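Chemist: 67 is the number of the first residue of the sequence shown in the numbering used here; add one for each residue after it.
Take this structure, written in structure tokens, and hold onto it; I'll ask about it next.
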Amino acid sequence: LASASRMAALVVAASISALGRGVCSVRMAATYPKVDSHLHLWSDGSDWAEGQSPPKALRDVATIDSFVASARAAGVDGAVVVHHNFPFIKEDPALGVDHSYVSTALGRHPSFFRAMGFAVPALGEAKAVEALERLKADGYSGVRFSPAAFEGHGGIAGPVGRALFATAGALGMPVGFMCFGGLDAYAADIRALATTTPATPIVIDHFGFFRQQGAESEAAWGALLAMAELPQVRVKASAFMRVAGEGYPAPALGPRLVEIVRAFGANRVMWGSDFPYALLGEPMPPGAGAVPSGARGLAPYQSVASAVTDWGDFGLGPEELGMVLGGTAADLFWGGAAPGSGAPAESA
Numbered sequence: 067l068a069s070a071s072r073m074a075a076l077v078v079a080a081s082i083s084a085l086g087r088g089v090c091s092v093r094m095a096a097t098y099p100k101v102d103s104h105l106h107l108w109s110d111g112s113d114w115a116e117g118q119s120p121p122k123a124l125r126d127v128a129t130i131d132s133f134v135a136s137a138r139a140a141g142v143d144g145a146v147v148v149h150h151n152f153p154f155i156k157e158d159p160a161l162g163v164d165h166s167y168v169s170t171a172l173g174r175h176p177s178f179f180r181a182m183g184f185a186v187p188a189l190g191e192a193k194a195v196e197a198l199e200r201l202k203a204d205g206y207s208g209v210r211f212s213p214a215a216f217e218g219h220g221g222i223a224g225p226v227g228r229a230l231f232a233t234a235g236a237l238g239m240p241v242g243f244m245c246f247g248g249l250d251a252y253a254a255d256i257r258a259l260a261t262t263t264p265a266t267p268i269v270i271d272h273f274g275f276f277r278q279q280g281a282e283s284e285a286a287w288g289a290l291l292a293m294a295e296l297p298q299v300r301v302k303a304s305a306f307m308r309v310a311g312e313g314y315p316a317p318a319l320g321p322r323l324v325e326i327v328r329a330f331g332a333n334r335v336m337w338g339s340d341f342p343y344a345l346l347g348e349p350m351p352p353g354a355g356a357v358p359s360g361a362r363g364l365a366p367y368q369s370v371a372s373a374v375t376d377w378g379d380f381g382l383g384p385e386e387l388g389m390v391l392g393g394t395a396a397d398l399f400w401g402g403a404a405p406g407s408g409a410p411a412e413s414a
């Protein structure tokens, strides 16, 4: 599965559309859906590991029903669930991490949700590839690579990483990179994967984590902007509280977002909340030193979802803003089709 001949056969042509500016705000709202490209869901206990649970303040807020209700109130038309190997989520012998609750979300709200599964290299190359193929068959649109999970397994550009990356490209699944320690530490490996298998779409999570322990890393930021030369790379302008030095609406991120859009184009940048962690409403790791306790109460999802528009006129045109807030994610994860208008009313 990981042979050089198979990976060489996965090269496809990339097409990027150029989008103009000058569309009025009313037309923008009517033309583009609003999509949250990055959130997490977990149950109220069914997918928890024995003796483990989510952070106390977030224990009961990340259920399907809770998010759907919040999304409706905030005018969100679609959402991308990104699974992760949280320590409180059960293991699964075939997939490595229990994906059952995310699969339930896809089944209940198929037009509203898309999902990215989590790659587990500890399964070994053959089983990890089989797991990815199963996730695709189960309706997952993409897969998340956490470099930390690849430690001890050859790294993201090692044999298992290359096989998974090539398979994702063959399956039409974007690969998201969660470079918690800063993108600069992993940029060379991501470039190596992109060069070997350019057909695989790449998504860099959370502004490339350019803020580390209270200080902005220009090395991570420079690595992010340099990725613009690779046409298959997109960026999530997401998880504001992980990269901001202030609470919502975090307007200091406005110039950073403009710089990303100028480098990549609005059709390669997408907003995401990082729900439910976003609800803590205060700076958190890796940009800050500790996870907020939530003792002051949680921020409403609506204030998280409106943060960018709450900045006012910060330098993006209305069409650019429409792409960032939904158009780009709709193109990538819904194939250009409109996500469900609000959350469909399917029952469990």
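Backbone N, C-alpha and C define an ideal beta-carbon position, used for all residues, glycine too.
Owing to the predicted nature of the structure, the values given are computational and were not obtained by experimental measurement.
Starting from the Cα of glycine 144, find the closest Cα among Pro187, Leu161, Arg257, Ser177 and give me that residue.
Modeler: Considering only alpha carbons, the answer is Ser177.
Chemist: Taking only runs of the alpha helix (DSSP H) that begin and end inside the stretch 188 to 226, which ones reach a length of at least 4 residues, in chain order?
Modeler: 191 to 203, 213 to 216
Chemist: Distance, Cα to Cα, glycine 220 vs glycine 227?
Modeler: 8 angstroms
Chemist: So the alpha helix (DSSP H) alanine 329 belongs to, where does it begin and stop?
Modeler: 320 to 330
Chemist: What do you get for aspartate 255, buried or exposed, if any count of 16 or more other CB atoms within 10 angstroms of its CB means buried?
Modeler: buried
Chemist: Which residues in the same chain have their Cβ closer than 8 angstroms to the Cβ of alanine 310, if we skip the five residues on either side of it in sequence?
Modeler: Arg277, Ala316, Ala318, Leu319, Pro349, Gly353
Chemist: When you compare the CB positions of tryptophan 400 and serine 103, do they come within less than 8 angstroms of one another, or not?
Modeler: Serine 103 sits away from tryptophan 400, with the two beta carbons spaced by 8 angstroms or more.
Chemist: With burial defined as no fewer than 16 other Cβ atoms inside 10 Å of the residue's Cβ, what is the status of proline 159: buried or exposed?
Modeler: exposed
Chemist: Is there a C-beta anywhere in chain B that falls below 8 angstroms from the one on lysine 193?
Modeler: This model lacks chain B altogether; it includes just one protein chain.
Chemist: Start and end of the beta strand (DSSP E) containing phenylalanine 243?
Modeler: 241 to 243
Chemist: In the DSSP assignment, find the alpha helix (DSSP H) that holds glycine 173 and state where it starts and stops.
Modeler: Here the alpha helix (DSSP H) through glycine 173 covers 166 to 174.
Chemist: On the CB-based measure, 16 or more other CB atoms within 10 Å of its CB, does arginine 93 come out buried or exposed?
Modeler: Confidence in arginine 93 is poor, its pLDDT being 34 and thus under 50, which makes the residue's placement too unreliable to answer from.
Chemist: Go ahead and label lysine 122 buried or exposed: buried means 16 or more other beta carbons lie within 10 angstroms of its beta carbon, across all protein chains shown.
Modeler: exposed
Chemist: Please list the terminal residues of the continuous alpha helix (DSSP H) segment that includes tryptophan 337.
Modeler: Careful: tryptophan 337 lies outside any alpha helix (DSSP H), inside the beta strand (DSSP E) at 335 to 338.
Chemist: Do phenylalanine 211 and alanine 253 have their CB atoms nearer than 8 angstroms?
Modeler: no
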